[in-house]
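As structure tokens, the structure follows; a few thoughts come after it.
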């Protein structure tokens with residue numbers, strides 16, 4: 409049954425999302441971002457979707473060479489059951505058939521640990537998503553890092569930052585900083601104005617936390633489309 413597709417950001421804080429899958433697809437050539445995103449959305453729209461799949465959202469990288477997929481599930485078991493059935497199927501994805509050379513390295517499973525939202529943040533749709541990733545050596549390091557960043561954000565209140573949602577990987581090895589900005593210019597003003605200096609000093613002082621290598625820079629995305637399979641409670 410078709411599901412409505414919109415340009416809305418995902419409801420990251422919905423209470424029924426126990427598992428979040430995040431995957432980045434490097435593309436074989438610039439200029440095919442929307443094609444790749446539309447193909448995967450079309451597949452999800454037309455297939456029989458399990459009730460455990462809550463939403464699927466695509467973002468387009470600012471450099472034109474990547475699609476980011478953000479999928480919310482109720483729990484790990486629901487996803488694993490669907491994944492086992494998908495692997496048994498002999499169907500080849502439209503994305504793979506029509507975009508030869510696309511890379512699909514797999515998903516990382518996250519849980520939402522903590523969010524920062526300024527009290528006076530306007531109720532508006534973000535215009536940009538920035539996703540720094542940090543490697544960690546276990547759940548204690550994950551929590552210490554996130555709590556330290558939130559303390560700094562609550563004190564400095566960066567202009568143009570609408571919300572930050574910290575996702576901790578279920579294996580304890582990374583933290584995804586899902587930062588929603590008013591637009592890309594607001595994020596650039598933050599970095600050019602030295603907004604990352606205190607954060608960098610805090611990270612250097614923490615044991616078991618290092619920025620994950622990114623090429624050529626921190627991943628930056630523009631919102632594209634979202635499919636909501638189950639409305640948020």
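Residue numbers (the working numbering): 409 to 641.
Quick reminder that beta carbons are idealized off the backbone N, C-alpha and C, glycines included.
The model shown is predicted, which means the values in this text are computed figures rather than measured ones.
Cα-Cα separation between residue i and residue j, rounded to whole angstroms
i	j	result
residue 421	residue 622	26 angstroms
residue 520	residue 534	19 angstroms
residue 436	residue 444	11 angstroms
residue 568	residue 609	22 angstroms
residue 446	residue 423	27 angstroms
residue 572	residue 468	19 angstroms
residue 465	residue 418	7 angstroms
residue 593	residue 557	22 angstroms
residue 590	residue 611	25 angstroms
residue 448	residue 476	11 angstroms
residue 416	residue 632	8 angstroms
residue 602	residue 618	19 angstroms
residue 490	residue 455	12 angstroms
residue 413	residue 493	25 angstroms
residue 607	residue 459	40 angstroms
residue 566	residue 495	44 angstroms
residue 488	residue 532	34 angstroms
residue 513	residue 478	14 angstroms
residue 472	residue 562	33 angstroms
residue 508	residue 587	31 angstroms
residue 439	residue 527	38 angstroms
residue 638	residue 585	25 angstroms
residue 450	residue 442	12 angstroms
residue 614	residue 463	35 angstroms
residue 537	residue 461	22 angstroms
residue 457	residue 517	19 angstroms
residue 559	residue 578	23 angstroms
Presumed contact (8 angstroms Cβ cut-off) between residue i and residue j, rounded CB distance
i	j	result
residue 635	residue 452	5 angstroms
residue 627	residue 525	With a Cβ gap of about 21 angstroms, residue 627 and residue 525 do not count as contacting.
residue 605	residue 542	Going by Cβ atoms, the distance from residue 605 to residue 542 rounds to 17 angstroms, so no, they are not a contact pair.
residue 630	residue 470	6 angstroms
Paired residues, beta bridge with residue i - DSSP
i	result
residue 604	In the DSSP output, where bridge partners are listed per residue, residue 604 has none listed.
residue 585	574
residue 471	Paired residues: none, contrary to the question.
residue 428	480, 518
residue 628	538
residue 544	617
residue 433	475
residue 413	635
residue 524	572
residue 461	481
Contacts around residue i, its chain only, beta-carbon distance under 8 angstroms, and the 5 residues preceding and following it disregarded
i	result
residue 426	481, 482, 483, 484, 519
residue 554	521, 522, 574, 576, 583
residue 564	603, 606
Sequence-distant residues of its chain with Cβ nearer than 7 angstroms to residue i (five each side left out)
i	result
residue 474	432, 433, 434, 435
residue 511	433, 434
residue 515	429, 430, 431
residue 620	541, 542, 543, 582
residue 616	544, 545, 546, 549
Neighbourhood of residue i by C-beta distance below 6 angstroms, restricted to the same chain and skipping five residues each side
i	result
residue 580	546, 547
residue 640	419, 422
Inset, instruction - Specify whether the segment 476-487 and the segment 546-559 touch according to this definition: at least 3 beta carbon pairs, one from each stretch, less than 8 angstroms apart. - result: No: fewer than three Cβ pairs fall under 8 angstroms.
Inset, instruction - Would you check if the segment 591-598 and the segment 503-513 touch, i.e. whether three or more CB-CB distances between them fall below 8 angstroms? - result: Contact between the segment 503-513 and the segment 591-598 is absent, because fewer than three Cβ pairs lie under 8 angstroms.
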